[in-house]
Amino acid sequence: MLYTFSLLFCLFIAIWYDILDQSKYKNTWYHILLFWFIAISALQFQVGTDIPHYMKEYKLFDVDNFRFSDLFEGGEDRRQPGWILLMYVCRFFTGEFVFFKIIQAMFLNIAVFSFFRRETKNVFFCIFLYALISYLVLNFNLLRQSFALGFALYGYSYLKNKQIAKYLLCVCAAFMFHNSAFILIFPLLVEFLRFNKITLWITLSLVIIFIYFLSTVDIGILLGDFFKSGFVNSNISSIGLGYMQSEDLGVRDEFSIFSIRRLCIAFVLIYFLFRSKDMPLAYMGFAYLIINILVSIFPIIWRFRIYFDISYLIILATFIKDFEIPKLKCFSKWMSIVVICIISYFFLSDYLIPYEGSSMRYIDQYYPYHSVFDPIIEYKRLNYF
Numbered sequence: 026m027l028y029t030f031s032l033l034f035c036l037f038i039a040i041w042y043d044i045l046d047q048s049k050y051k052n053t054w055y056h057i058l059l060f061w062f063i064a065i066s067a068l069q070f071q072v073g074t075d076i077p078h079y080m081k082e083y084k085l086f087d088v089d090n091f092r093f094s095d096l097f098e099g100g101e102d103r104r105q106p107g108w109i110l111l112m113y114v115c116r117f118f119t120g121e122f123v124f125f126k127i128i129q130a131m132f133l134n135i136a137v138f139s140f141f142r143r144e145t146k147n148v149f150f151c152i153f154l155y156a157l158i159s160y161l162v163l164n165f166n167l168l169r170q171s172f173a174l175g176f177a178l179y180g181y182s183y184l185k186n187k188q189i190a191k192y193l194l195c196v197c198a199a200f201m202f203h204n205s206a207f208i209l210i211f212p213l214l215v216e217f218l219r220f221n222k223i224t225l226w227i228t229l230s231l232v233i234i235f236i237y238f239l240s241t242v243d244i245g246i247l248l249g250d251f252f253k254s255g256f257v258n259s260n261i262s263s264i265g266l267g268y269m270q271s272e273d274l275g276v277r278d279e280f281s282i283f284s285i286r287r288l289c290i291a292f293v294l295i296y297f298l299f300r301s302k303d304m305p306l307a308y309m310g311f312a313y314l315i316i317n318i319l320v321s322i323f324p325i326i327w328r329f330r331i332y333f334d335i336s337y338l339i340i341l342a343t344f345i346k347d348f349e350i351p352k353l354k355c356f357s358k359w360m361s362i363v364v365i366c367i368i369s370y371f372f373l374s375d376y377l378i379p380y381e382g383s384s385m386r387y388i389d390q391y392y393p394y395h396s397v398f399d400p401i402i403e404y405k406r407l408n409y410f
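In the working numbering, the protein residues as written are 26 to 410.
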């Protein structure tokens, strides 16, 4: 009920301000939604599949015997220095995990909301899409990577404004929380190449051709040799090899490079590219598409897509707001509402898909919601996931 109410209210606000172009109390509702998103995230109790593990890790953190060298040893869970330091500081003040969660919820959601405010006029549409697509996994599962994402979002704006030193500082901060943040080097390379629309299309075509040829070889052997080659550090290598052996996240023997969903993503990007001059955002969108294609081969790569998800939400919101059929321009506002309803249906249906061989659905990771004021442990969820 909490999620349904939040989504419907966000949809109403998005239509009111971004489609109907109302302005009264706009800033007030922005801050109310930000506070609401932070509160739901911060005050949860064992919502998501990873939170119970993080709660245990926080409780067992040995503050008294902490040494500076512990920052770089990582422990059994291969934690990054930034995460360990934050755990130490929070644990030094209190053993209550909710204190740590409040900091995480504030940092992530302020970073996301402020990014929307800096980079788009369709702020409330983006907030709705964030609630629909990314909010649950970022706030209740990917806690470490959520810090890396937050720094990345600040970094993107610096990169767009040619503030390279500040961008690199944000990349370093992101890497302090999650190894996957090394991918943030690539947007910097693209910025130096200064792609125009033609070279962007050529590059995308070459990448897709390359991915197609990848589909003709044994990816498992190829990746295995890569991780064992010594080109990457031992920590990343062990993580990669571990995921390759995973039944759910390992390399697929059978896969489809193109699907209806990926073709829809491509259509949205093409539409955006022809109507917008925001090339940096287009780079992020094409990176999102490429990673989505690669996910069909090696599912764990979706972790890298996290850094481009929020940028794609801006592109998708722009598409929803601006999409029109030439002969039906007078119905453009209604067209936007229809498009957002169709998109919502497909994403909501994903939450209701059961896991193979089980009655548990994807949404059951996060539902029912319990707060610290109602600390009920969902043993069925805990045991399954």
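Ideal placement from N, C-alpha and C gives every residue a C-beta, glycine not left out.
Keep in mind the model is a prediction, meaning the values are calculated, not measured.
Buried or exposed for residue i, going by 16 or more other Cβ atoms inside 10 Å?
{"i": "Thr145", "result": "buried"}
{"i": "His203", "result": "buried"}
{"i": "Lys84", "result": "exposed"}
{"i": "Asn90", "result": "exposed"}
{"i": "Glu403", "result": "buried"}
{"i": "Met26", "result": "exposed"}
{"i": "Trp108", "result": "buried"}
{"i": "Gly382", "result": "exposed"}
{"i": "Thr343", "result": "buried"}
{"i": "Phe398", "result": "exposed"}
{"i": "Val72", "result": "buried"}
{"i": "Val363", "result": "exposed"}
{"i": "Leu377", "result": "exposed"}
{"i": "Gln390", "result": "buried"}
{"i": "Gly310", "result": "buried"}
{"i": "Tyr237", "result": "exposed"}
{"i": "Lys346", "result": "buried"}
{"i": "Arg328", "result": "buried"}
{"i": "Ser205", "result": "buried"}
{"i": "Leu373", "result": "exposed"}
{"i": "Val276", "result": "In this prediction, Val276 scores a pLDDT of 49, lower than 50, which makes its location untrustworthy; the coordinate-derived value is nonetheless stated afterwards. So Val276 counts as buried."}
{"i": "Arg169", "result": "buried"}
{"i": "Phe217", "result": "exposed"}
{"i": "Ile210", "result": "exposed"}
Checking the sheet assignment: what are the DSSP bridge partners for residue i?
{"i": "Ser396", "result": "Gln69"}
{"i": "Arg142", "result": "Looking at the DSSP assignment, Arg142 forms no beta bridge with any residue, so it has no partner."}
{"i": "Pro379", "result": "Arg386"}
With respect to the alpha helix (DSSP H) encompassing residue i, which residues constitute its N-terminal and C-terminal limits?
{"i": "Pro305", "result": "Met304 to Val320"}
{"i": "Leu373", "result": "Ser357 to Tyr376"}
{"i": "Asp87", "result": "Unbroken run through Asp87: none, as it is neither H nor E."}
{"i": "Thr452", "result": "The question about residue 452 has no answer here: the residues shown for the chain are numbered 26 through 410."}
{"i": "Arg286", "result": "Ile285 to Arg300"}
{"i": "Ser94", "result": "No alpha helix (DSSP H) holds Ser94; DSSP gives it neither H nor E."}
{"i": "Ile109", "result": "Pro106 to Phe118"}
{"i": "Leu45", "result": "It is not in any alpha helix (DSSP H) - Leu45 carries neither H nor E in the DSSP assignment."}
{"i": "Ile40", "result": "Looking at the DSSP string, Ile40 is not in any alpha helix (DSSP H), and its letter there is neither H nor E."}
{"i": "Tyr409", "result": "Tyr404 to Tyr409"}
If we call anything under 8 Å between Cβ atoms a contact, is residue i one with residue j?
{"i": "Tyr394", "j": "Gln47", "result": "no"}
{"i": "Pro305", "j": "Met201", "result": "no"}
{"i": "Phe149", "j": "Asp303", "result": "no"}
{"i": "Tyr113", "j": "Val88", "result": "yes"}
{"i": "Leu178", "j": "Val137", "result": "yes"}
{"i": "Ser182", "j": "Arg143", "result": "yes"}
{"i": "Phe152", "j": "Cys289", "result": "The displayed chain sequence assigns Ile, not Phe, to residue 152. The answer is no: Cβ separation not under 8 Å."}
{"i": "Leu294", "j": "Ile340", "result": "yes"}
{"i": "Phe132", "j": "Gly175", "result": "yes"}
{"i": "Tyr192", "j": "Leu167", "result": "no"}
{"i": "Ala156", "j": "Ser336", "result": "no"}
{"i": "Ala67", "j": "Ala130", "result": "yes"}
{"i": "Asn134", "j": "Leu59", "result": "yes"}
{"i": "Leu338", "j": "Ile208", "result": "no"}
{"i": "Phe333", "j": "Ala307", "result": "no"}
{"i": "Val196", "j": "Gly180", "result": "yes"}
{"i": "Phe86", "j": "Arg116", "result": "yes"}
{"i": "Val232", "j": "Ile315", "result": "yes"}
{"i": "Ile76", "j": "Phe165", "result": "yes"}
- Item | Runs of alpha helix (DSSP H) wholly within the region 129-216 (minimum 4 residues, chain order) | Given a length threshold of 4 residues, each whole run of the alpha helix (DSSP H) inside the region 129-216 is given here in chain order: 148-154, 160-165, 168-185 and 189-200.
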